[in-house]
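Working notes for the structure below.
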Amino acid sequence: MQIKEILDAFARLEAIQKEIELAGSELRNVCVTLCHFVLGYDNSADEAVIEERLSRIDNDLGSIADIKQKLVLCRALLRRMANTSKRRVMINVLPQEVLAYIFELAVFSWPDTEKTTLIHPSCTIPSVCASWRQLAINSPSLWVNIDFYEGYGYEKLAKQGLLWFKRACNKPLNVTFHSEFRPCHPELESQISELVTRAKSFTFNPEASHFYLTDIFDLYDVSGRSDILETIAIRGVRGMSSDCHWWKCIPPCLTTLELVDLSAGVAPNLNELVALLPRCPSLHTLVLSKTGIDVSRKIHYSEIALPNLRYLKIVVEEPSVSEHLFAAIVPGSHALDLWFNLPPIDELHNCHLICRFLERARVASLCLEDLMPQSGAMILAHFLDHLPGVQSLRLNLQDDRTGSCLDALTVSVHLEEYRARCPTIRTLILDHGAFGKLGQEQVKRIVNAHNLKTLALPHSYFRNVDQTLGGGKDSTGNSEDSEKKQEAVGIYTWLETRVGNVEWCDLTHSA
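Per numbering that gives the first Met the number 0, the very first residue in the sequence shown carries number 0; after that it's consecutive.
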């Protein structure tokens, strides 16, 4: 029985108990009323009927004794159940699959976003009994996340990673690489070769060098590659080598490619990237963020069909990179989460290509970076006109703190009357906003025009409001200051009464 069913049973039991109490009270009240009425009633013609009804009710009330006995049995059963729930259950009587599930929850129960450092079973084993340790060793799914180190001083960690690889049996692995170079260790080479071909994901953290990145993919290539490598995430790897061509052996089964904060010597150039993507028809996540992609050579490209694409993030400094990718990529019919930086106003051709992409894609969620106060509203309005079905919109206002580009979200109908430019938006996220009085009016106008379910303001605040609530230099304690404070509290209350879910960060909701 699931916990919901148990709670439902308790609710029914409590409802029946209240009905019994109410029925007993009503029965007594009716009996008292009837007694007073019969004693004062003087009509011999009705005496026979009254006597017959009283006799029948008396017989019926006799059956209450049986009900009382059932209630006594129920009470005893509930007491027995309460005592049973306090008993300790011996570990060795639990089924093996239950033990494995409990152990896995104990090790991997926190959200992925909080896993700054994976806590592996080896950290827990010393504090548990022998049966738990044996269970962990024989549960392959507990050993599939491997942090792999190589190099001088890391021999023990390298052997530990290979031990985990052995305990994972035939399960696909998630391998994170941390090393700068690959030392020569012939006795481990065959095991490492098998490890890289059994991985379903490669993650290279900033500790890894571009030399190590190249060596691992070379090893993957000469070891026969695999048809299970689905994810490649390379973050913060720097280098100037022209021989770093790791992308040449990427398998067609790849579903996720993340290139974050890479130098031009590590990332493929635009021609190589455009040639790579068509080889990955199963790709559903593509992230290019703060990555140097060389565009100095002549560009040759054709359409890139990515029918399974669900998440696309292109945040790069060179506008021609996004220009060519938006022109080439042909997404499928899946709902798409799209994230890119707004092009400069002088890149009108780029804007046109992005609009054509928005028409081809079924964008459900849009996040925009680099919104500028001079041109952001016009470009944003142009994009929103090509997004009839967008449901979530996130705007990074770090370069437009006053939020002047928010004018693009509404369209003036008549005088002070406005309608939503995209009425399908249900989630609005305004990041790094510093809203003065004008910005607050814009936010109110947007909320009134939309049917928002969620409004989030991470790293944002209302300037005059938070100064008033904070009791700054202008707070004098007079009636005028009191009115300002009431107005300050009012903006928060107003938003929370109009939107089902308002999410504030600590900086925002200082009230």
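The C-beta atom is built at its ideal place from N, Cα and C for all residues, glycine as well.
Check: Quick one: what's Val259 bridged to in DSSP?
Finding: What you label residue 259 is simply residue 260 of the sequence shown in a count that begins at 1. BP columns for Val259 point to Arg234, Ser288.
Item checked: CA-to-CA distance, Asp336 to Pro387, given in whole angstroms -> Indexing the sequence shown from 1 puts residue 387 at position 388. Indexing the sequence shown from 1 puts residue 336 at position 337. If I take the Cα positions, the gap works out to 14 Å.
Item checked: Opening and closing residue of the alpha helix (DSSP H) in which Ile215 lies -> In the sequence shown, residue 215 corresponds to position 216, counting from 1. Per DSSP, Ile215 belongs to the alpha helix (DSSP H) from 209 to 221.
Check: By DSSP, does Ile313 sit in helix, in strand, or in coil?
Finding: Residue mapping note: residue 313 aligns to position 314 of the sequence shown, counting from 1. Of the three classes helix, strand and coil, the one that applies to Ile313 here is strand, per DSSP.
Checklist line | Opening and closing residue of the alpha helix (DSSP H) in which Lys158 lies | finding: What you label residue 158 is simply residue 159 of the sequence shown in a count that begins at 1. Segment 154 to 166, the alpha helix (DSSP H) holding Lys158.
Next item on the list: Return the residue from the list Ala380, Arg234, Val498, Lys452 that minimises the CA-CA distance to Gln390.
Entry: For the purposes of this step, residue 390 is identified with residue 391 of the sequence shown, where counting begins at 1. Looking at the Cα atoms, Lys452 is the closest of the given residues.
Next item on the list: Mind checking which residues open and close the alpha helix (DSSP H) that includes Pro318?
Entry: Here residue 318 refers to the residue found at position 319 when the sequence shown is read from its first residue. 318 to 327 is the extent of the alpha helix (DSSP H) around Pro318.
Next item on the list: Name the two residues that bound the continuous beta strand (DSSP E) containing Leu427.
Entry: Numbered from its first residue, the sequence shown carries residue 427 at position 428. Per DSSP, the unbroken beta strand (DSSP E) holding Leu427 starts and ends at 426 to 430.
Notebook entry, point to check: Where does Leu134 sit, in a helix, a strand or coil, going by DSSP?
Noted result: The residue given as residue 134 occupies position 135 in the sequence shown. DSSP places Leu134 in helix when its eight states are reduced to three.
Item checked: Where the beta strand (DSSP E) containing Arg361 begins and where it ends -> Against the sequence shown, residue 361 aligns to sequence position 362. First-last of the beta strand (DSSP E) with Arg361: 361 to 368.
Note to self: Using 8 Å for Cβ pairs, my map puts Ala448 next to Ala419. What's the rounded Cβ distance?
What the structure shows: The residue you call residue 448 lines up with position 449 of the sequence shown. The residue you call residue 419 lines up with position 420 of the sequence shown. So it is a contact: roughly 4 Å between Cβ atoms.
Next item on the list: Could you tell me the distance, in whole angstroms, from the CA atom of Tyr148 to the CA atom of Ala263?
Entry: For the purposes of this step, residue 148 is identified with residue 149 of the sequence shown, where counting begins at 1. For the purposes of this step, residue 263 is identified with residue 264 of the sequence shown, where counting begins at 1. Whole-angstrom Cα-Cα distance: 25 Å.
Next item on the list: Drop a sphere of 10 angstroms on the beta-carbon of His323, count the other beta-carbons inside from all chains shown, and report buried for 16 or more, exposed for fewer.
Entry: Counting from 1 along the sequence shown, the entry for residue 323 is found at position 324. Buried, since its Cβ has 16 or more Cβ neighbours within 10 Å.
Check: Assuming Thr284 contacts Leu261 under a Cβ cut-off of 8 Å, what Cβ separation, rounded to an integer in Å, is found between them?
Finding: Working through the sequence shown from its first residue, we reach residue 284 at position 285. Working through the sequence shown from its first residue, we reach residue 261 at position 262. Actually they are not in contact, since the Cβ atoms of Thr284 and Leu261 sit about 17 Å apart, beyond 8 Å.
Notebook entry, point to check: What does a CB cutoff of less than 7 Å around Ser222 pick up in its chain, not counting 5 residues either side in sequence?
Noted result: Here residue 222 refers to the residue found at position 223 when the sequence shown is read from its first residue. Taken in chain order, the residues that qualify are Ser192, Val195, Thr196.
Check: How many Å lie between Leu394 and Leu341 at the Cα?
Finding: Walking along the sequence shown from the start, residue 394 turns up at place 395. Walking along the sequence shown from the start, residue 341 turns up at place 342. Going from the Cα of Leu394 to the Cα of Leu341 covers about 10 Å.
Next item on the list: Go ahead and label Ile378 buried or exposed: buried means 16 or more other beta carbons lie within 10 angstroms of its beta carbon, across all protein chains shown.
Entry: Residue numbering aside, residue 378 sits at position 379 when the sequence shown is read from its first letter. Per the 10 Å Cβ criterion, buried.
Next item on the list: Consult DSSP for Ala266 and reduce its assignment to one of helix, strand or coil.
Entry: Here residue 266 is taken as the residue at index 267 of the sequence shown, counted from 1. Ala266 falls in the coil class under three-state DSSP.
Next item on the list: Can you tell me which of the three DSSP states Asp65 falls into?
Entry: To locate residue 65, count along the sequence shown from 1; it is residue 66. In the structure shown, Asp65 falls within a helical segment according to DSSP collapsed to helix, strand and coil.
Item checked: Whole-number beta carbon distance between Ile249 and Cys279, since they are thought to touch under 8 Å -> On the sequence shown, position 280 is the one that residue 279 refers to. On the sequence shown, position 250 is the one that residue 249 refers to. Yes, they are in contact, since the Cβ atoms of Cys279 and Ile249 sit about 7 Å apart, within 8 Å.
Notebook entry, point to check: Does the beta-carbon of Cys243 have 16 or more other beta-carbons within 10 angstroms, so that it is buried, or is it exposed?
Noted result: Here residue 243 is taken as the residue at index 244 of the sequence shown, counted from 1. Buried is the call here.
Next item on the list: Starting from the C-beta of Pro277, find all residues in its chain whose C-beta is less than 6 Å away, skip the five residues before and the five after it, and write them out in chain order.
Entry: Along the sequence shown, read from residue 1 onward, the residue named residue 277 stands at position 278. Here the set comprises Ile303.
Note to self: Along the chain, where does the beta strand (DSSP E) containing Ile378 start, and where does it finish?
What the structure shows: Locating residue 378 in the sequence shown gives position 379, where the first residue counts as 1. First-last for Ile378: 375 to 383, but that is the alpha helix (DSSP H), not the beta strand (DSSP E).
Next item on the list: Check each candidate in Phe203, Ala376, Pro185, Ala167 and name the one with the smallest Cα separation from Thr175.
Entry: Walking along the sequence shown from the start, residue 175 turns up at place 176. Checking every option, the nearest Cα to that of Thr175 belongs to Phe203.
Note to self: Give me the residue from Asp45, His35, Ala198 with the minimum Cα distance to Ser535.
What the structure shows: Since the displayed the chain opens at 0 and closes at 510, residue 535 lies outside it and no answer follows.
Next item on the list: Kindly indicate the opening and closing residues of the alpha helix (DSSP H) around Asn530.
Entry: Residue 530 lies beyond the stretch modelled for the chain, which goes from 0 to 510, so this question has no answer here.
Item checked: CB contact flag (Leu282, Leu258, <9 Å) -> Walking along the sequence shown from the start, residue 282 turns up at place 283. Walking along the sequence shown from the start, residue 258 turns up at place 259. In this structure, Leu258 does not lie closer than 9 Å to Leu282 by Cβ.
Notebook entry, point to check: Do you know offhand how far Ile298's Cα is from Leu269's?
Noted result: As a first step, residue 298 is located in the sequence shown; it is residue number 299 there, counting from the start. As a first step, residue 269 is located in the sequence shown; it is residue number 270 there, counting from the start. Roughly 7 Å separates the two Cα atoms.
Next item on the list: In the DSSP assignment, find the beta strand (DSSP E) that holds Lys436 and state where it starts and stops.
Entry: Along the sequence shown, one-based indexing puts residue 436 at 437. It is not in any beta strand (DSSP E) - Lys436 instead sits in the alpha helix (DSSP H) that spans 436 to 448.
Note to self: Spatial neighbours of Arg309 within its chain, please: C-beta separation below 8 Å, excluding the five flanking residues on both sides.
What the structure shows: Taking the sequence shown and counting its residues from 1, one reaches residue 309 at position 310. Excluding sequence neighbours, Arg309 sits near His283, Thr284, His333, Ala334, Leu335, Asp336.
Note to self: Taking its Cβ as the centre, do 16 or more other Cβ atoms sit within 10 Å of Leu76, making it buried, or is it exposed?
What the structure shows: Against the sequence shown, residue 76 aligns to sequence position 77. Counting Cβ neighbours within 10 Å, Leu76 comes out exposed, since fewer than 16 surround it.
Note to self: Just to confirm the assignment, what range does the beta strand (DSSP E) spanning Glu416 have?
What the structure shows: Position 417 of the sequence shown, counted from the start, is the residue given in the question as residue 416. Residues 416 to 419.
Check: According to DSSP, is Leu70 helix, strand or coil?
Finding: In the sequence shown, residue 70 corresponds to position 71, counting from 1. Helix, per DSSP.
Notebook entry, point to check: From Ser321, Thr401, Lys170, Leu162, pick the residue whose C-alpha is nearest to that of Cys354; which is it?
Noted result: Within the sequence shown, residue 354 is the residue found at index 355, counting from 1. Ranking the options by Cα distance to Cys354, first place goes to Ser321.
Check: What number of angstroms, rounded off, separates the C-alpha of Val31 from the C-alpha of Leu38?
Finding: Translated into positions along the sequence shown, residue 31 becomes position 32. Translated into positions along the sequence shown, residue 38 becomes position 39. The straight-line gap from Cα to Cα measures roughly 11 Å.
Next item on the list: Pick helix, strand or coil for Ile191, following the three-state DSSP scheme.
Entry: Within the sequence shown, residue 191 is the residue found at index 192, counting from 1. In the structure shown, Ile191 sits in a helix (DSSP, three-state: H, G or I).
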